[in-house]
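Numbering (the working numbering), first residue to last: 54 to 196. C-beta atoms are modelled at their ideal positions from N, C-alpha and C, and glycine is treated no differently. Report on the following structure.
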């Protein structure tokens with residue numbers, strides 16, 4: 054459960070920060086992220102926000118982050134998590150002007166700035182039609 058909440062939180066972080074305008078094109082940003090993601094990243098903070106059908110935030114929940122959730126992006130398509138022995142595959146792509154990270158069955162909007170990576174995940178709340186949940190997670194580069 055903690056892992057699911059962390060992933061949701063990561064997603065929200067990415068969505069909120071990737072919406073700002075940038076002078077670089079999406080393809081330029083894609084290349085920057087593909088190169089910049091290689092290394093070790095420690096989650097530093099996160100938040101889950103639930104929005105009603107009118108777009109108003111109704112609930113905001115700070116997400117706990119832990120050192121054992123550290124990610125190491127090994128090369129252009131392999132990563133691993135701290136304390137896990139198996140690598141997993143990830144992909145980075147550009148869709149509709151956003152740079153997306155496909156990881157562990159989820160797609161996050163991703164951005165990197167000043168050694169901080171932001172992941173944002175958006176999902177409909179199945180139990181409440183019209184409601185959306187956005188999870189945002191920030192990760193700090195360790196190396």
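Reference residue i, options the options, closest by Cα
i: residue 141; options: 131, 122, 135 and 101; result: 131
i: residue 160; options: 187, 179 and 167; result: 187
i: residue 165; options: 181, 178 and 145; result: 145
i: residue 129; options: 168, 118, 178 and 84; result: 84
i: residue 115; options: 103, 122 and 158; result: 103
i: residue 192; options: 105, 117 and 112; result: 117
i: residue 95; options: 112, 120 and 156; result: 120
i: residue 173; options: 183, 189, 182 and 184; result: 189
i: residue 137; options: 122, 143 and 158; result: 122
Rounded separation between residue i and residue j - CA only
i: residue 82; j: residue 149; result: 13 angstroms
i: residue 91; j: residue 154; result: 13 angstroms
i: residue 76; j: residue 196; result: Residue placement at residue 76 is poorly supported in this model, since its pLDDT is 48, which falls under 50; the coordinates are not used for a value here.
i: residue 158; j: residue 143; result: 9 angstroms
i: residue 100; j: residue 112; result: 10 angstroms
i: residue 177; j: residue 156; result: 19 angstroms
Contact check, residue i vs residue j, beta carbons under 8 angstroms
i: residue 163; j: residue 171; result: yes
i: residue 107; j: residue 152; result: no
8 angstroms CB neighbourhood of residue i in its chain, flanking five on each side removed
i: residue 133; result: 124, 125, 127, 139, 140 and 141
N- and C-terminal bounds of the alpha helix (DSSP H) containing residue i
i: residue 139; result: Unbroken run through residue 139: none, as it is neither H nor E.
Delimiting residues of the beta strand (DSSP E) encompassing residue i
i: residue 86; result: Segment 79-89 is the alpha helix (DSSP H) holding residue 86; no beta strand (DSSP E) there.
i: residue 177; result: 169-177
i: residue 166; result: 159-166
Cut-off 6 angstroms between Cβ atoms - residues of its own chain near residue i, not counting five sequence neighbours on either side
i: residue 110; result: 102 and 104
Same chain only: Cβ atoms within 7 angstroms of residue i, ignoring 5 sequence neighbours per side
i: residue 147; result: 79, 80 and 83
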